[in-house]
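Numbering (this note's numbering), first residue to last: 11 to 157.
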């Protein structure tokens with residue numbers, strides 16, 4: 011019966027390691043799908059009114075745009091969001107993740123919630139729980155506690 015506990019502990023730890031490795035692989039996969047290699051956390055420092063194109067199909071003449079501020083290559087960059095929306099989807103002092111072109115930080119894209127990133131966090135959490143269960147089973151085995 012005690013060797014059965016040892017086997018269960020090993021199985022849980024192996025399953026936990028597999029889940030953690032799958033989480034890391036999923037996170038790396040999500041990072042490779044970004045259009046630009048640079049990564050920054052920007053802050054919305056202002057929300058301004060910007061005139062729309064005359065060809066924009068909207069009943070509003072202006073749109074609200076967020077002004078993002080972030081550091082790229084050691085320089086402070088301020089850019090106006092290109093998204094055409096009214097009202098602005100961001101609020102003042104909100105932190106936003108974005109990727110940008112290191113050669114031209116004016117080229118950027120806001121990173122929205124990624125399914126792969128969420129799945130990687132869940133897989134890592136499940137992996138840690140499984141490893142902890144395996145360690146607990148090993149402790150029970152070492153103390154000769156029989157379930």
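Backbone N, C-alpha and C define an ideal beta-carbon position, used for all residues, glycine too.
Under DSSP, the beta-bridge partners assigned to residue 48 are 110. Nearest neighbour of residue 71 by Cα position, chosen from 101, 79, 59, 77, turns out to be 59.
Under a 10 Å Cβ-count criterion, residue 33 is classified as buried, with 16 or more other Cβ atoms of the shown protein chains found around its own Cβ. Within the same chain, Cβ atoms closer than 8 Å to the Cβ of residue 77 are found at 54, 55, 56, 57, 58, 88, 89, 90, 91, the five residues on either side in sequence being excluded.
Annotation: the continuous alpha helix (DSSP H) that includes residue 143 extends over 125-152. In this structure, the beta-carbon distance from residue 19 to residue 139 does not fall below 9 Å. If you draw a straight line from the Cα of residue 106 to the Cα of residue 121, it comes to about 8 Å. Residue burial annotation: residue 99 is exposed, with fewer than 16 other C-beta atoms found within 10 angstroms of its C-beta. In this chain, the beta strand (DSSP E) harbouring residue 81 covers 72-82. Residue 126 has its alpha-carbon roughly 10 Å from the corresponding atom of residue 43. Under DSSP, the beta-bridge partners assigned to residue 88 are 79.
Taking a contact as a CB-CB distance under 8 Å, the pair residue 116 and residue 80 does not count as one, their CB atoms being some 12 Å apart.
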